[in-house]
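Visitor:
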Amino acid sequence: MKKNNLLEESVRLSLEQYLSDLGDSDPNDMYDMVIRCVERPIIEIAMARAQQNQSKAALMLGMTRNTLRKKLIFHKLIPQD
1067 MKKNNLLEES
1077 VRLSLEQYLS
1087 DLGDSDPNDM
1097 YDMVIRCVER
1107 PIIEIAMARA
1117 QQNQSKAALM
1127 LGMTRNTLRK
1137 KLIFHKLIPQ
1147 D
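This note's numbering numbers the first residue of the sequence shown as 1067 and each following residue consecutively.
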């Protein structure tokens, strides 16, 4: 049996709890909700690890610096020019 990825299992458990908490209500926009919840901390951690160097953080994240910059502005992690 394949050992589950700890992060993947944590997300799975959180989503199961979220759905349980909803009761009979139907979830809406689950995908976008999860992406919003996960994207900001990933970016914050990458930026901290890269000592706020956007080029290094973008490389860690597997995206272009321009894409990272847009996400930093979207999440209000840097001021908009």
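Where is the CB? At the ideal position from N, CA and C, for every residue including glycine.
Find out if the Cβ-Cβ distance for the pair Ala1116, Met1129 is shorter than 8 Å.
Guide: no
Visitor: Mind the definition here: the segment 1103-1119 touches the segment 1129-1140 only if three or more C-beta pairs lie below 8 Å; say whether that holds.
Guide: A contact exists between the segment 1103-1119 and the segment 1129-1140.
Visitor: Mapping the DSSP letters down to three states, classify Ala1112 as helix, strand or coil.
Guide: helix
Visitor: Is Leu1072 buried or exposed, if buried means 16 or more other CB atoms sit within 10 Å of its CB?
Guide: exposed
Visitor: Anyone know if the C-beta pair for Ile1109 and Leu1081 falls short of 8 Å?
Guide: no
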